[in-house]
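Note sheet for the following structure.
Now the structure itself:
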């Protein structure tokens, strides 16, 4: 277990970047696990997700995308060991799903739980080390509605809980946040069974999280993205997607990031994915590549993805394993 002082623990560390030759803490705001891609499909496509159709985990990216899904509902659980090469014990567990009330109205739900390794923390009040087990979670509840043909909007409310351990008078913190999304989809007139989609999402809009006498901002983003869906012989499919995201808060890490990826479906059941994310390493957002595969059959879904990055990137060799069902 690592020994760290109280003031360092209160900061939320950037997941992706080492500064210079040593791992340096970068204050990117509270509950920074919300910036981690929660499921294997999007992770395998470099994190591209805002305009991705047919996603059980739309509640995490753009709830409006659930309206254009060809399924009536679905649910997916994902287990993701994070920062495996840097420090064992970090993991993200996610559960996302949606259900269509009718063709124009959808309800969505999600849950994410981030587990940290146990830590020995120096209590500045008594000069002794205390063992703690930090953890954080968020509950998502959303609603999506098609306002006119091909155009849908969504709103998702979040309850966020952050527990950095009981030491030095510290208590767990709770706050609320809101995600807003919109999506538009049209068919290509000159191509059969082909379509394009554009989407936008505002995420983590909410109040600050208070730790002792310190308040930290949520990682608020605005993202815009698009995708192209091409079908071949009705049993093969290619989806190409890309997002551009801007980190709005905290102000000292404001930056642009780009995610792009593709998914190829072979004979309806076998999925092959690849992608790349470009980020500003000086703002706590590293660049990396991802690859993934999946098998979907009779509603059942198994997906896996892997993250490739330089040795100095703590997220290197993280992976995602998802189990889902759609109906």
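Numbering (mature numbering (1 follows the signal peptide of the UniProt record, and there is no 0)), first residue to last: -19 to -1, 1 to 308. Note that CB positions come from ideal geometry on N, CA and C, so glycine has one too.
Measure the CB-CB distance between residue 115 and residue 68 and report whether it falls below 8 Å. By 1-based counting over the chain shown, the position of residue 115 is 134. By 1-based counting over the chain shown, the position of residue 68 is 87. Contact: no.
By Cβ distance below 7 Å, which residues in the same chain neighbour residue 176 in space, the five residues on each side in sequence not counted? The residue given as residue 176 occupies position 195 in the chain shown. So the list reads 166, 167, 168, 169 and 210, once near-sequence residues are dropped.
Bridge partners - residue 163, DSSP secondary structure assignment: For this step, residue 163 is matched to residue 182 along the chain shown. According to DSSP, residue 163 bridges with 134 and 181.
For residue 208, count neighbouring C-beta atoms within 10 Å of its own C-beta (all shown protein chains included) and say buried if the count is 16 or more, exposed if not. Taking the chain shown and counting its residues from 1, one reaches residue 208 at position 227. So residue 208 ends up on the buried side.
DSSP-derived helix/strand/coil call for residue 308: On the chain shown, position 327 is the one that residue 308 refers to. Coil, per DSSP.
Thinking C-alpha only, which one of 87, 249, 120 and 94 is nearest residue 134? In the chain shown, the residue the question calls residue 134 occupies position 153. Ranking 87, 249, 120 and 94 by Cα distance to residue 134 puts 87 first.
For the beta strand (DSSP E) containing residue 260, name the first residue and the last one. Stepping through the chain shown from its first residue, residue 260 is reached at position 279. Where residue 260 is concerned, there is no enclosing beta strand (DSSP E), given that its DSSP letter is neither H nor E.
Helix, strand or coil for residue 281 per DSSP? If you number the chain shown from 1, residue 281 lands on position 300. Note: residue 281 maps to strand in three-state DSSP.
Please report how far the alpha carbon of residue 189 lies from the alpha carbon of residue 195, in whole angstroms. Counting from 1 along the chain shown, the entry for residue 189 is found at position 208. Counting from 1 along the chain shown, the entry for residue 195 is found at position 214. Each residue's Cα considered, the two are about 10 Å apart.
Limits of the unbroken beta strand (DSSP E) element including residue 228: By 1-based counting over the chain shown, the position of residue 228 is 247. Counting along the chain, the beta strand (DSSP E) containing residue 228 begins and ends at 217 to 228.
Between which residues of its own chain and residue 155 is the CB-CB distance below 6 Å, once the five residues before and five after are set aside? For this step, residue 155 is matched to residue 174 along the chain shown. Taken in chain order, the residues that qualify are 142.
Endpoints, the beta strand (DSSP E) within which residue 23 is located: Taking the first residue of the chain shown as 1, we reach residue 23 at position 42. Per DSSP, residue 23 belongs to no beta strand (DSSP E); it is in the alpha helix (DSSP H), 21 to 25.
With three or more beta-carbon pairs closer than 8 Å as the criterion, would you say the stretch 288 to 297 touches the stretch 242 to 257? no
According to DSSP, is residue 13 helix, strand or coil? Residue numbering aside, residue 13 sits at position 32 when the chain shown is read from its first letter. Looking at residue 13 - three-state DSSP - the assignment turns out to be helix.
Have a look at 127, 163, 224 and 256 and flag the residue whose alpha-carbon is nearest the alpha-carbon of residue 84. Working through the chain shown from its first residue, we reach residue 84 at position 103. With distances taken between Cα atoms, residue 84 lies closest to 127.
For residue 199 and residue 11, believed in contact at Cβ under 8 Å, the rounded distance: Here residue 11 corresponds to residue number 30 of the chain shown, with the count starting at 1. Here residue 199 corresponds to residue number 218 of the chain shown, with the count starting at 1. Yes, they are in contact, since the Cβ atoms of residue 11 and residue 199 sit about 6 Å apart, within 8 Å.
Cβ shell of residue 96 (< 6 Å), same chain only, five flanking positions each side left out: Residue numbering aside, residue 96 sits at position 115 when the chain shown is read from its first letter. Closer than 6 Å at the Cβ level, and outside the excluded window around residue 96, lie 72 and 116.
Apply the 10 Å Cβ neighbour rule to residue 130 and answer buried if 16 or more other Cβ atoms are within range, or exposed otherwise. Position 149 of the chain shown holds residue 130. The residue is exposed, with fewer than 16 neighbouring Cβ atoms inside 10 Å.
Reduced DSSP secondary structure (H/G/I, E/B, other) of residue 32: For the purposes of this step, residue 32 is identified with residue 51 of the chain shown, where counting begins at 1. Residue state, collapsed to three classes: coil.
Just how far apart, CA to CA, sit residue 242 and residue 271? For the purposes of this step, residue 242 is identified with residue 261 of the chain shown, where counting begins at 1. For the purposes of this step, residue 271 is identified with residue 290 of the chain shown, where counting begins at 1. In a straight line, the C-alpha of residue 242 is about 9 Å away from that of residue 271.
Candidates 27, 261 and 76: which alpha carbon is nearest residue 305's? Taking the first residue of the chain shown as position 1, residue 305 is located at position 324. It is 76 whose Cα lies nearest to the Cα of residue 305.
Got a sec: does the ligand NAP put a non-hydrogen atom nearer than 7 Å to the Cβ of residue 205? No copy of the ligand NAP appears in this structure; indeed no ligand is present at all.
Excluding the 5 residues preceding and the 5 following residue 282 in the sequence, name in chain order all residues of the same chain whose CB lies nearer than 6 Å to its CB. If you number the chain shown from 1, residue 282 lands on position 301. Closer than 6 Å at the Cβ level, and outside the excluded window around residue 282, lie 305.
Note down, in chain order, each residue of its chain lying with its Cβ closer than 6 Å to the Cβ of residue 18, except the 5 sequence neighbours on either side. What you label residue 18 is simply residue 37 of the chain shown in a count that begins at 1. So the qualifying residues of the chain are 24 and 28.
For residue 301 versus residue 21, is the C-beta spacing smaller than 8 Å? Taking the first residue of the chain shown as 1, we reach residue 301 at position 320. Taking the first residue of the chain shown as 1, we reach residue 21 at position 40. A contact, by the Cβ cut-off of 8 Å.
Residue 111 to residue 101 span [Cα, whole Å]: Counted from its first residue, the chain shown places residue 111 at position 130. Counted from its first residue, the chain shown places residue 101 at position 120. Taking the straight line joining both Cα atoms gives about 5 Å.
Other residues of its chain near residue 183: CB distance less than 7 Å, five sequence neighbours each side excluded: Translated into positions along the chain shown, residue 183 becomes position 202. Closer than 7 Å at Cβ, skipping near neighbours: 160, 161 and 203.
Give the C-beta separation of residue 205 and residue 26 to the nearest angstrom, bearing in mind that I take them to be a contact with Cβ-Cβ under 8 Å. As a working mapping, residue 205 is identified with position 224 in the chain shown. As a working mapping, residue 26 is identified with position 45 in the chain shown. Contact doesn't hold; Cβ gap of about 16 Å is too wide.
Output yes or no for whether 8 Å exceeds the beta carbon distance between residue 49 and residue 92. Walking along the chain shown from the start, residue 49 turns up at place 68. Walking along the chain shown from the start, residue 92 turns up at place 111. Contact flag unset, no.
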